[in-house]
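In what follows, a single structure is set out as structure tokens and then discussed.
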Amino acid sequence: IDPVTSAIALGRKRLTREIERRQWAQTHGDDVDGMPPPVEVSNASTIGDDILPAALRCQAGEIDCFSFYSNHRAHIEQLLQTNRPALARYSAAAYSPTFINPAPIYLFADFPPFARLVKTHELLLASASLQWTNGQPEQAITTVHQAALLRVRLADNADTLLTSMIALAMHYRELRWLSNAVAYLHPTTPPA
Numbered sequence: 001i002d003p004v005t006s007a008i009a010l011g012r013k014r015l016t017r018e019i020e021r022r023q024w025a026q027t028h029g030d031d032v033d034g035m036p037p038p039v040e041v042s043n044a045s046t047i048g049d050d051i052l053p054a055a056l057r058c059q060a061g062e063i064d065c066f067s068f069y070s071n072h073r074a075h076i077e078q079l080l081q082t083n084r085p086a087l088a089r090y091s092a093a094a095y096s097p098t099f100i101n102p103a104p105i106y107l108f109a110d111f112p113p114f115a116r117l118v119k120t121h122e123l124l125l126a127s128a129s130l131q132w133t134n135g136q137p138e139q140a141i142t143t144v145h146q147a148a149l150l151r152v153r154l155a156d157n158a159d160t161l162l163t164s165m166i167a168l169a170m171h172y173r174e175l176r177w178l179s180n181a182v183a184y185l186h187p188t189t190p191p192a
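According to this note's numbering, the sequence shown is numbered sequentially starting from 1.
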């Protein structure tokens with residue numbers, strides 16, 4: 001199944017349901033008895049672990065994420081292959097002609113599965129780290145650019161504090177990646 005088409009279909013289904021839920025809230029106030037349930041999406045703490053398991057995330061205390069990812073190269077490369085649909089969705093959103101969040105905002109709004117987005121973003125940065133350490137800095141910069149494109153679009157269209165915080169966390173990870181990349185510069189690194 002085309003991953004972009006299936007993601008669009010799920011997004012439309014969620015949007016339709018959120019509009020129904022918002023109309024219920026406008027009619028019934030804060031009484032949630034009888035409100036249409038949100039479209040089922042896992043909100044467990046492990047959401048997105050299929051994309052990037054916790055053990056393969058470069059944690060905040062790790063000084064050198066490039067070495068961390070190099071030490072887990074085989075696992076990261078396997079995840080890149082397994083998660084091609086998620087990466088295709090990310091790319092489609094990053095390069096789409098328009099980027100908006102049409103979901104209505106109200107007290108009982110069901111937020112998008114941000115954990116999947118964040119972990120896909122982290123997987124892209126892990127991929128860029130491997131590209132950099134493989135001697136492919138131009139490819140690494142292209143990958144980081146794609147990761148940053150969606151983050152910028154998300155931040156520019158943020159209509160909730162949570163969305164802004166997610167975009168800020170993604171930006172922090174990109175800056176951390178750039179800091180690691182600078183530490184790996186050497187005389188043969190292309191100036192561009």
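All residues carry an ideal CB built from backbone N, CA and C; glycine is no exception.
Because the structure is a prediction, the values reported are computed rather than measured.
Quick test of your reading: residue i and residue j, contact by CB under 8 angstroms. State the CB separation rounded to the nearest angstrom.
i, j, result
"threonine 160", "isoleucine 105", "6 angstroms"
"threonine 120", "tyrosine 95", "Not quite, the Cβ-Cβ distance comes to about 15 angstroms (not below 8 angstroms), so this is no contact."
"lysine 13", "valine 39", "6 angstroms"
Whose CA, out of the options, lies closest to the CA of residue i?
i, options, result
"alanine 86", "Glu122, Ala74, Glu40", "Glu122"
"methionine 198", "Phe114, Thr120, Tyr184, Ile100", "In the structure displayed, the chain extends from 1 to 192; residue 198 sits before or after that span and is not available."
"glutamate 62", "His186, Ala92, Arg173, Val182", "Arg173"
"histidine 186", "Thr163, Gln136, Leu79, His28", "Gln136"
"proline 112", "Gly48, Val182, Asp31", "Gly48"
"arginine 17", "Pro36, Leu117, Gln139, Ala158", "Pro36"
"glutamate 138", "Ala167, Leu10, Ala181, Leu162", "Ala181"
By Cβ distance below 7 angstroms, which residues in the same chain neighbour residue i in space, the five residues on each side in sequence not counted?
i, result
"proline 102", "Leu15"
"arginine 73", "Leu130"
"isoleucine 100", "Asn157"
For residue i, collect the residues of the same chain with a Cβ closer than 8 angstroms to its Cβ; drop the 5 residues on either side in sequence, then sort them by chain order.
i, result
"tryptophan 177", "Cys65, Leu125, Ala128, Ser129, Val144"
"glycine 34", "Trp24, His28"
For residue i, which residues of its own chain have a beta-carbon under 6 angstroms away from its beta-carbon, when the five flanking residues on both sides are left out?
i, result
"threonine 133", "Phe66, Ser70"
"methionine 170", "His121, Arg151"
Sufficient close CB pairs (3 or more, under 8 angstroms) joining the region 131-143 to the region 77-86: Contact between the region 131-143 and the region 77-86 is not established, with fewer than three Cβ pairs separated by less than 8 angstroms.
Segments of 4+ residues assigned as alpha helix (DSSP H) that fall wholly inside the region 52-88: You should have 65-71, 73-82.
Runs of alpha helix (DSSP H) lying entirely within the region 103-181, each at least 4 residues, in chain order: Fully enclosed alpha helix (DSSP H) runs of 4 or longer: 114-133, 137-156.
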